[in-house]
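Inspection log for the structure reproduced underneath, given as structure tokens.
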Amino acid sequence: MKSDLLTKLNKQQLLAVTNDSGPLLVIAGPGSGKTRVIVHRVAFLISEKQVKPDEIMVVTFTNKASRELKDRLNGLLGQYDASRIISGTFHSIASKMLRINGDSIGIANNFSIYDREDQISIVRQACELVEVDTKRYNPSIFLSIISNAKSKMIDPILNQATSDSLFDKLAANVYLEYEKLLHDNQALDFDDLLLRACTLFEKSPLVLADLQNRIKYLLVDEFQDTNFVQYKFAKQLTGDSQNICVVGDPDQSIYSWRNADLRNILNFQKDFKNCTVVKLVENYRSTSNILNASQALISQNSNRITNDIETYNPEGTPIELHVAENEYDEASIITEKIKKLRLEGFSYENFAVTYRVNAQSRAFEEAFVRNGVPYKLIGALKFYQRREIKDIIAYLRIIQNSNDDNSMLRVINVPPRGIGERTVTALKNLANLNGDSVCHALLNLDETVLNIHKNGIKSLKNFQGILNEVIEESLSDHSLTSLLDKILSITGYREHILRELEGSEERWENIGELRSIAGQFDDIQPNEALNAFLDQVALVTAEDDPSSDSNESVTLITLHQTKGLEFPVVFIPGLEEGLLPHSRSMDSFDEIEEERRLFYVGITRAISNLYLSWSKYRTIFGTTTRTIRSQFVDNIPENLLKIVNTNKFQLEERSFTKTTNLFDQQNLLPTINEGDKVEHFKFGKGVVVQTIPRSGDFEIVVAFKVNGIKHLLSSVAKLKVLE
DNA sequence: ACATATGACGTTTTT
DNA sequence: CGTCATATGT
Ligand SMILES: Nc1ncnc2c1ncn2[C@@H]1O[C@H](COP(=O)(O)OP(=O)(O)OP(=O)(O)O)[C@@H](O)[C@H]1O
């Protein structure tokens, strides 16, 4: 066993695995065995250093990665129970801590966790309360401002005091009200889970000390995509032992839009001055063709930290670049390729089609269905955000947390039971008057105070009865499944669904699926089962989706979600300006570079075959437009690319190299000079600090008030000069 | 109160 | 193009 543990590692990996005390930073490129280091390090600590599994915490990027880690550990060390290590995403670990210890900072253990949809609904309510017109301002803008503030630990009250512009003040008010509403609903959003866990550590030194005592070793995978709060969380947990090991690759940082902050890596080296830094330099995954292409691509980025990486793997087959007429053509080219390669010995699960936006999956699904190619779609419309699932979850949440008005109001009339808008408002007002939740208001209903039609009262009484029965069932010692069944039967949800014209069968099947997932919690205490089940539901990461179970099928997946995965054959379609890089991420060099990293992550997933493609025409929002080949294709040396044009009409496409001057002509703006005050629709106001000529264009460096320094291209950025 | 029609609006990426 | 929230009719 010991041999297995240490022989399958190279010298640097060995160093990282056996360096068993003090802080450790592993920075290394793709396929260099970072994940392997984590697995073996944990195995080493357990089997050679007598560390108990439950003294080790490993933070992974997805829940699936956690499960795989445990599986691999169990394979490596038979006699220890690796499933006892503490492992999960930051969010799921924090949530568990709050359920256990949250009461010491005033968080009841039955809090609800709000997902994006719930959050939007709360933002809407907040807007209404502070009289912000949601038609003028999109609620999701506020949501991203709030999330950004939270992941930088900006307090809403402080925030309100320091904001000056009109919009900032508006946003600050919405933020404050949003917090109040979450509190009323006894709910936490994703950012709260991390934030409150940190507060818990600060406010309850005893809790923290206890955790620090128990957790002897902390490991964090994909460290390049952690945000400020997550890093703080990890730092706090580490305590004096400083046995913290973080592993990452700055070149694979692709979640800055979710507030991930690369500075964490730099700060780590400052915060842990004595940290050991290990760099891995060999790629074990890809052919040298693929690796060389990836290195050429990423070398275009500035301010890189990761060292270059090399491989002793064979050259492999050439990377192909296919030009398609439109997205359907593109899908059939790829389908044909899959069929052909399968005859050469690949099986369906060896293939992944990796794209920039979920909408791209459609053409592939259609082509695959037509050709009988089995596939699994990762992510897209997630199981748990389907309407029918969310309805049932809402019922469960009401049982879990009767203060969850948002869930209560979601299903108060689902299925329709005669409780209309007027009745709901009356009930809501009554609840407000008594400073009570809607659920309590209903359960303790005094109908004489409500001046509504008697039919309304009757409907409310009816629903009161329903709720009471469900509550009674939840208080019995029956399983979660029987609670679910009770909800389904007493509300008549099945009939409600089957009444619908479209997709009703599928909807009911989904409920069946939910029921069987709930069944997995039947052997836990019913009381805890509900919390555990709802936590899992709220914190699922894409690949836990039940629809992605099937093996022996081609994977359809966004580039973001391919992080950490590998496939023998990878297709990257849609290499067009506006798609990759995406049009919404072309406003600054930073954004373009992150898009480039995304492409880089995609390329480096491939083990042996890589197929790139783009379509000359693509239909977006129903309109078909001529496209331009992605600038990133030009970053890959020609000698590594085999250009394949299967088209019947073979026109000279070669003239479309480089970003064409589509914008340049009309946009020769009144020249922007250093010192000018400018406004950008996204980054806000700022001052031009530098202008640098760039082949017929200008790079403009702007110091934005809120967003800091950005490098913009004058032809692309919509800069307004302010007087 | 509820079902259907209409129009605005939007898509990166997700814990 | 499709979804969703709001407006309209029954
Ligand atoms: N020392 C080694 N000898 C042989 N194969 C190795 C070694 N280390 C890792 N590998 C293999 O290389 C591949 C990539 O390893 P791993 O997933 O750990 O890399 P990674 O650095 O986490 O990659 P990425 O950052 O791209 O997700 C895996 O298939 C792994 O089994």
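According to this note's numbering, the stretch in the first sequence is residues 85 to 807, in order.
All C-beta atoms, glycine included, are put in the ideal place defined by N, C-alpha and C.
| Item | Value |
| --- | --- |
| Rounded C-alpha distance that separates residue 331 from residue 303 | 8 Å |
| Cβ pair residue 322, residue 107 closer than 9 Å | yes |
| Straight-line Cα distance separating residue 658 from residue 701 | 10 Å |
| Which listed residue (758, 730, 213, 101) has its alpha carbon closest to that of residue 420 | 730 |
| Endpoints, the beta strand (DSSP E) within which residue 108 is located | 108-112 |
| Closest residue to residue 283 among 512, 550, 238 (Cα-Cα distance) | 238 |
| Whole alpha helix (DSSP H) elements within the stretch 660-726, 4-residue minimum | 673-687 |
| Nearest neighbour of residue 182, chosen from 563, 288, 391 [CA to CA] | 288 |
| Nonlocal neighbours in the same chain, by C-beta distance under 6 Å from residue 414, ignoring five residues either side | 408, 657, 697, 699 |
| Assigned secondary structure, residue 728 (DSSP; H/G/I helix, E/B strand, else coil) | strand |
| Residue 112: CB within 8 Å of a non-hydrogen atom of ligand 1 | yes |
| First through last residue of the alpha helix (DSSP H) which encompasses residue 436 | Not the alpha helix (DSSP H): residue 436 falls in the beta strand (DSSP E), residues 435-439. |
| Completely contained alpha helix (DSSP H) runs for the stretch 552-630, where each covers 4 or more residues | 564-575, 577-582, 588-603, 610-622 |
| Delimiting residues of the alpha helix (DSSP H) encompassing residue 322 | 312-322 |
| Beta-carbon proximity check, residue 366 vs residue 336, cutoff 9 Å | no |
| Counterpart residues of residue 651 in DSSP-defined beta bridges | 690 |
| Three-state secondary structure assigned by DSSP to residue 642 | strand |
| Alpha-carbon spacing of residue 92 relative to residue 364, whole angstroms | 14 Å |
| Cβ pair residue 523, residue 488 closer than 9 Å | yes |
| Cβ separation of residue 547 and residue 482, assumed to be a contact under 8 Å, to the nearest whole Å | Contact doesn't hold; Cβ gap of about 11 Å is too wide. |
| Alpha helix (DSSP H) segments (min. 4 residues) lying fully within the stretch 134-173 | 147-160 |
| For residue 353, three-class secondary structure by DSSP | helix |
| Three or more C-beta pairs below 8 Å linking the stretch 566-585 and the stretch 526-540 | no |
| Buried versus exposed call for residue 746 [16 or more other C-beta atoms within 10 Å across all chains shown] | In this prediction, residue 746 has a pLDDT of 33, which is less than 50 and means its spatial position is unreliable; nothing more can be read from the coordinates. |
| First and last residue of the uninterrupted alpha helix (DSSP H) at residue 479 | 471-484 |
| Inter-residue CB distance, residue 507 and residue 544 (contact presumed, cutoff 8 Å) | 7 Å |
| According to DSSP, residues forming a beta bridge with residue 198 | 273 |
| Simplified DSSP assignment, three categories, for residue 85 | Residue placement at residue 85 is flagged as unreliable, the pLDDT there being 47, under the threshold of 50; the coordinate-derived value follows with that caveat. The answer is coil: DSSP assigns residue 85 none of H, G, I, E or B. |
| Per-residue burial, residue 396 [other beta carbons within 10 Å of its own, 16 or more giving buried] | exposed |
| Identity of the residues DSSP links to residue 267 by a beta bridge | The partner list for residue 267 (beta bridge, DSSP) is empty, contrary to what the question assumes. |
| Touch test, the stretch 135-145 against the stretch 376-394, Cβ-Cβ under 8 Å, three pairs minimum | no |
| Residue 371, DSSP secondary structure in three states | coil |
| Inter-residue Cα distance where the pair is residue 270 and residue 521 | 10 Å |
| Continuous alpha helix (DSSP H) stretch holding residue 533: start and end | From DSSP, residue 533 is part of no alpha helix (DSSP H); its letter is neither H nor E. |
| Own chain residues within Cβ distance below 6 Å of residue 406, not counting five before or after | 417, 697, 728 |
| Proximity test, residue 648 beta-carbon vs ligand 1 heavy atom, cut-off 8 Å | yes |
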